[in-house]
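Residue numbers for the sequence shown follow UniProt numbering, beginning at 1 and rising by one.
Report on the structure given below.
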Amino acid sequence: MQRIDVNHHWQFRSIDGGSWQSITLPHDAMIHERRDPHTANGYNTGYYPGGSYEYRTVMHFASEPPAACLLEFEGVYPGATVLVNNEPAGTLTYGYGDYYLDIANLVRPGANTLTVLVDNTRIPNSRWYSGSGIFRPVWLWVAAAKGTSTADTDANASGMPDSSGPSTAHAISDVIRPDGVRVSTVSLPDAAEVSHDDSATIAVELDQPIAANQYLWTTIMDDSGTMVAQFRGVTGIIPHARPWSPESPVLYTARIALYGTDDDDNSGDNDGNIINNAHNTGTPLDTHTERFGIRTLACDATHGLRLNGKRVLLNGGCVHHDNGILGAATFPQAEYRRARIMREQGFNAVRSAHNPLSKAFLDACDEVGLLVMDEAFDMWWMHKTSYDYASSFRDHYASDLAAMVRKDRNHPSVVLYSIGNEIADTKSPRAAEAARSMRSIIRSLDPSRPVIDCVNPISLSLAARTKAGMDEHDAKVEGEPGLNTTLEHASGPVLLTMIDRLMPLALRTGVMDRQTNAVFDEVDVAGLNYCRQGPEYFHRVHPERVFCASETYPQEIAFTWPAMRRLPYLIGDFVWTGWDYIGEASVSAWAYANPEPDGWMREYGDHMALRGRLTGPYRRYPGLLGGSGLIDITGRATGQMLYRQIVTGVRRRPAITVRPMQLLYGDGATRPGRTARFIERGHDGVASWSWAGYEGRDALVEVYSGGRHVRLLLDGREIGMAPVYRCMARFRVPYEPGELTAVAYDAVGRELGWDTLVSAQADEMVVTTSVERVPNPYPKNDPRWDDTELVFESIALTDARGVVHVTDDRRITVIGDGCEAAPHDSSQGLFRESANESVANPPIAAEPVRPADASSHEAPSAALCVSPREAPREVSHEARDMSGTSGTGTPCEPSRDMPAYACSDAQLLGVASANPITADELAGNTCTTYFGRAQAIWRVPAGTTLRSHVIVDPA
């Protein structure tokens with residue numbers, strides 16, 4: 001079938017009195033709502049409310065519509081009612097589900113109205129920021145007439161197929177459904193045996209039966225577009241096959257054609273050899289193109305997880321589906337950027353939290369070599385919020401799970417199917433039956449990947465138990481299980497810490513085994529959330545079982561990584577979280593006893609002291625972000641990411657961080673105050689030695705290193721030598737501006753590497769910007785391609801050398817040449833999605849040679865000086881690509897070689913920082929910097945030059 005783009009020319013309105021607006025999909029309506037301290041969503045969504053919305057577009061068919069016509073919705077939250085010409089076309093019940101609606105009997109020649117009604121007023125229905133509306137793409141799939149190829153189907157100006165020519169109705173057996181194809185690797189030599197002469201055998205299968213007088217004809221193209229194999233039937237051989245792996249993510253394309261013959265003679269060369277095209281004498285019925293990778297996968301307790309015969313350790317991060325200030329809208333450019341940055345920062349795996357990933361993100365993972373655990377559900381029968389998917393699970397889990405598997409099975413990056421996260425039903429008898437049912441569904445569609453269930457012993461200990469069967473309803477037990485409300489209490493953080501410390505005792509009693517054994521017996525991998533001691537304890541009782549640390553605290557990598565290397569039955573670690581996210585408001589942000597300059601504590605009154613005393617882990621408004629990301633919401637690596645890189649060996653040289661002095665000291669304190677640490681955040685260090693205003697007060701320096709000792713120097717003067725404990729050495733140093741250097745040594749005193757931070761010049765402030773342009777990642781002949789780029793513009797308050805001022809945050813406003821952020825009630829028509837600060841993180845580099853005046857600051861791309869205490873001033877500059885260049889810190893001249901954007905060209909999606917507690921709206925053109933940084937995101941035509949203006953408020 002042919003894919004037609006129907007993401008343009010939509011009209012959108014809020015049913016609660018909003019006016020019609022022109023938009024382009026994908027579109028997140030929630031990000032354009034004003035944050036409300038009183039919304040029922042509360043901290044779950046970062047205080048973004050829900051709403052009720054209507055989407056409309058018109059599809060035009062020149063004459064008779066195609067007989068085979070499917071409408072695909074990749075994601076509509078929390079679900080939708082779909083109408084075609086005011087007739088019901090279908091109901092979408094799972095906000096993250098991939099749905100195909102057969103509308104062949106509803107469309108007619110001429111104009112056809114497509115209406116999508118979204119109701120997200122029954123809240124709360126999610127534990128994190130969900131978004132609202134059609135947040136993922138929509139496609140129309142049509143079949144060409146018999147005897148033609150899909151290339152013969154034209155599109156008119158509205159992007160709809162032109163069926164003005166003769167048309168022949170399709171029987172259902174004449175069509176290759178886009179979700180009904182499976183390409184799998186039948187055989188491939190192990191990695192240790194692969195040579196350039198090795199061949200791979202693949203299978204191409206359809207879900208629906210092929211008639212006796214039909215056959216498949218498949219052409220295989222390599223990544224250069226060269227045909228490498230062609231075969232008739234199900235299996236074929238690809239000579240000189242190049243396997244897909246994280247280190248070498250080689251992809252192939254299968255062009256699959258369904259042919260019919262006039263008789264039942266279906267003989268042909270089916271042994272997998274390349275055959276001559278002359279053997280193909282049938283009538284073409286339909287075609288489909290599928291991208292895939294050649295690789296094998298195996299998993300057991302003796303050898304671990306093996307890819308192409310080689311053991312792989314999953315160094316993973318959990319990610320929610322939102323794209324930060326873009327909200328939930330799934331732009332392929334943003335999805336590709338996120339996957340690339342995670343891979344560059346050292347992750348080789350990602351776990352979807354806690355819903356199926358987008359197709360664009362899976363495509364990106366295939367490209368960059370990022371392994372995937374895709375997760376189906378966050379709940380089964382028992383609710384976690386009042387109106388979540390638990391209400392639909394009983395009736396729809398089978399079809400929704402099958403849709404996820406069909407979406408995933410041709411992606412070589414996907415290595416695990418997760419059937420649930422922290423399912424409160426786990427200790428009830430019906431849970432094992434459900435796990436068995438779900439594994440059976442997965443096996444029927446894809447027997448090649450292991451199935452995992454991710455269990456949290458903490459939440460399980462708090463959950464109720466029921467004797468109800470799978471089809472029976474227990475109203476009392478299926479209400480909210482109580483974990484979130486327990487954590488809301490002031491004792492929540494203390495409770496979590498206590499349970500974590502008592503975990504070994506709980507394991508020894510056998511309670512955890514009794515609660516999980518029946519479910520774990522039904523899956524291939526036992527996922528353990530926040531239970532680092534579990535695998536070794538459980539292994540003594542179940543030596544055949546495979547385990548995964550499916551969700552861990554950031555600091556626990558110091559325990560789990562050595563365990564993974566030592567224990568073959570422990571296959572991976574997925575940290576919470578790999579990338580920061582909207583919602584669960586500031587659950588991981590630490591609390592500081594001293595007053596905080598940005599209102600972190602003042603919002604709670606004079607008596608607010610430490611978290612765990614007078615408040616639970618979730619913050620009241622203006623809490624916004626989770627705050628736990630190893631990569632912050634703008635795409636910048638945090639100190640926690642540096643720590644993980646050291647522990648896992650991704651980074652060899654040490655990394656210096658300093659605990660944030662303005663938070664530790666607040667206004668006028670002479671010694672650092674106490675910190676209430678929540679266990680979901682491991683470290684709060686910032687890679688900076690620019691703490692202006694805190695001269696003479698002790699800086700708490702944390703140096704991450706894989707060595708045995710670290711020597712610290714300030715301006716060449718030795719401060720001291722400290723031992724390394726769990727990959728960290730600590731120092732207490734009176735702050736003074738200068739150059740801070742850490743040198744790491746092994747056990748015999750050999751130097752292993754060094755890191756240096758320099759202070760910003762306190763008497764000068766420069767607005768420094770750099771841009772990262774991310775084009776649409778799909779090829780131009782793909783319907784998913786368009787000629788726009790997302791531009792991620794990093795904004796920093798620095799000195800002339802580009803060293804960031806981390807203690808002098810300012811309010812900034814970003815505008816383009818005549819281009820302003822859309823008003824608050826506008827929509828994706830101007831793509832007024834908000835943005836956060838982010839510079840593309842370079843891949844982890846080899847050990848550098850240390851020059852005498854080495855420093856760690858960024859070079860500015862374009863800048864203009866602003867006095868630190870002067871009145872507001874507009875800073876005009878041209879943002880340029882920073883690849884391989886450095887600026888001078890002087891005012892720049894406008895570019896002469898490329899035109900500036902007009903208002904209709906450059907669309908500002910938003911401006912924001914990575915601050916987890918802020919009253920900023922994520923859809924706007926202004927924000928307060930956070931540790932001196934912010935980010936603007938633009939949507940621009942490819943190949944044009946961006947000019948923007950930054951207005952900096954006075955201190």
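No residue lacks a Cβ here, since even glycine has one placed at the ideal position from N, Cα and C.
Since the model is a prediction, treat every value here as computed from it, not as a measurement.
Opposite residue i in the DSSP bridges: which residues?
i: residue 100; result: 72
i: residue 59; result: 112
i: residue 298; result: 306
i: residue 930; result: 933
i: residue 755; result: 742
i: residue 727; result: Paired residues: none, contrary to the question.
If you draw a straight line from the alpha carbon of residue i to that of residue j, how long is it in whole angstroms?
i: residue 57; j: residue 73; result: 14 Å
i: residue 224; j: residue 243; result: 15 Å
i: residue 505; j: residue 620; result: 34 Å
i: residue 340; j: residue 368; result: 6 Å
i: residue 944; j: residue 788; result: 10 Å
i: residue 353; j: residue 907; result: 30 Å
i: residue 464; j: residue 118; result: 33 Å
i: residue 323; j: residue 31; result: 11 Å
i: residue 575; j: residue 174; result: 46 Å
i: residue 857; j: residue 708; result: Unreliable positioning characterises residue 857 in this predicted model, as indicated by a pLDDT of 29, which lies under 50. The coordinate reading is nonetheless provided below. Whole-angstrom Cα-Cα distance: 27 Å.
i: residue 206; j: residue 180; result: 6 Å
i: residue 106; j: residue 142; result: 14 Å
i: residue 577; j: residue 233; result: 45 Å
i: residue 645; j: residue 345; result: 8 Å
i: residue 739; j: residue 921; result: 37 Å
i: residue 41; j: residue 628; result: 20 Å
i: residue 217; j: residue 784; result: 25 Å
i: residue 731; j: residue 694; result: 17 Å
i: residue 392; j: residue 468; result: 17 Å
i: residue 766; j: residue 912; result: 19 Å
i: residue 321; j: residue 131; result: 10 Å
i: residue 6; j: residue 925; result: 29 Å
For residue i, does the count of other Cβ atoms within 10 angstroms reach 16, so buried, or fall short, so exposed?
i: residue 116; result: buried
i: residue 385; result: buried
i: residue 473; result: exposed
i: residue 957; result: Because the chain spans 1 through 955 in this model, residue 957 falls outside it and cannot be assessed.
i: residue 501; result: exposed
i: residue 565; result: exposed
i: residue 633; result: buried
i: residue 240; result: exposed
i: residue 438; result: buried
i: residue 399; result: exposed
i: residue 717; result: exposed
For the putative contact between residue i and residue j, defined by C-beta atoms under 8 Å, what is the C-beta separation to the nearest angstrom?
i: residue 552; j: residue 530; result: 7 Å
i: residue 140; j: residue 4; result: 4 Å
i: residue 947; j: residue 579; result: The Cβ separation is near 30 Å, so there is no contact.
i: residue 423; j: residue 458; result: That pair is no contact at about 13 Å.
i: residue 186; j: residue 235; result: 6 Å
i: residue 768; j: residue 796; result: 5 Å
i: residue 963; j: residue 313; result: Residue 963 lies beyond the residue range present for the chain, which begins at 1 and ends at 955; the question has no answer from this structure.
i: residue 76; j: residue 114; result: Residue 76 to residue 114, Cβ: 13 Å. No contact.
Across the stretch 654-668 and the stretch 362-379, are there enough close Cβ pairs to call them in contact, namely three or more that are closer than 8 Å?
no
Contact the stretch 331-347 vs the stretch 293-309: 3+ CB pairs below 8 Å
no
Pairs of beta-carbons, one from the stretch 743-751 and one from the stretch 765-777, closer than 8 Å: are there three or more?
no
Touching or not, the stretch 646-656 and the stretch 700-715, by the rule of three or more beta carbon pairs under 8 Å?
yes
Contact between the stretch 914-925 and the stretch 791-805 (3+ Cβ pairs under 8 Å)
no
With contact counted as at least three CB pairs below 8 Å, one residue from each stretch, are the stretch 715-727 and the stretch 689-699 in contact?
no
Taking three-plus beta-carbon pairs below 8 Å as touching, is the stretch 286-300 in contact with the stretch 531-538?
no
How about the stretch 89-99 and the stretch 42-50: do they share at least three Cβ pairs that are nearer than 8 Å?
no
Counting pairs of Cβ atoms below 8 Å between the stretch 543-550 and the stretch 442-457, do you hit three or more?
With a cut-off of 8 Å, the stretch 442-457 and the stretch 543-550 count as touching, because enough Cβ pairs lie within range.
Tell me whether the stretch 935-942 and the stretch 781-796 touch, counting them as touching only if at least three CB pairs, one residue from each stretch, are closer than 8 Å.
yes
Touching by the beta-carbon criterion (3+ pairs, under 8 Å), the stretch 380-397 and the stretch 405-416:
no
Do three or more CB pairs link the stretch 202-218 to the stretch 366-383 at distances below 8 Å?
no
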